[in-house]
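Working notes, structure below.
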Amino acid sequence: MLEGQKQQWAEEHASRIQKRFEQWQQPLGIDGQEYAKYLRIELIQCCDDPLLKELIESMSQ
13 MLEGQKQQWA
23 EEHASRIQKR
33 FEQWQQPLGI
43 DGQEYAKYLR
53 IELIQCCDDP
63 LLKELIESMS
73 Q
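Throughout the sequence shown, residue numbering follows our numbering, covering 13 to 73 in sequence.
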């Protein structure tokens, strides 16, 4: 997967996961924007692991 594709994939799934996060965790006072930044960084590292990537995709649908 090319770097641009990794970035796009991470952005897409970070956004989906962030929306779920905000539904459940926002009342706890956790900053959603900081969480999204953290997610993008972590998700880029998952792109080259097919099983982990598929798990993330299934969780963020």
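Quick reminder that beta carbons are idealized off the backbone N, C-alpha and C, glycines included.
Computed from a prediction, not measured in an experiment: that's the story for all the values here.
Secondary structure at residue i, three-state DSSP: helix, strand or coil?
i: S70; result: helix
i: L14; result: coil
Please decide whether residue i counts as near chain C, where near means a Cβ-Cβ distance under 8 angstroms.
i: E66; result: The question asks about chain C, but that chain is absent: this structure has only one protein chain.
Within the continuous alpha helix (DSSP H) that includes residue i, where are the two ends?
i: C58; result: 44 to 58
Quick one: what's got a C-beta closer than 7 angstroms to residue i's C-beta in the same chain, skipping five residues either side?
i: S72; result: H25, R28, I29
i: C58; result: L64, K65, I68
On the premise that residue j lies in contact with residue i, defined as a C-beta separation below 8 angstroms, what is that separation, rounded to the nearest angstrom?
i: I56; j: Q19; result: 7 angstroms
i: G44; j: F33; result: 6 angstroms
What does a CB cutoff of less than 6 angstroms around residue i pick up in its chain, not counting 5 residues either side in sequence?
i: P22; result: The sequence given here places Ala at residue 22; Pro does not occur at that position. Once the five neighbours on either side are set aside, the close Cβ partners of A22 are R52, L55, I56.
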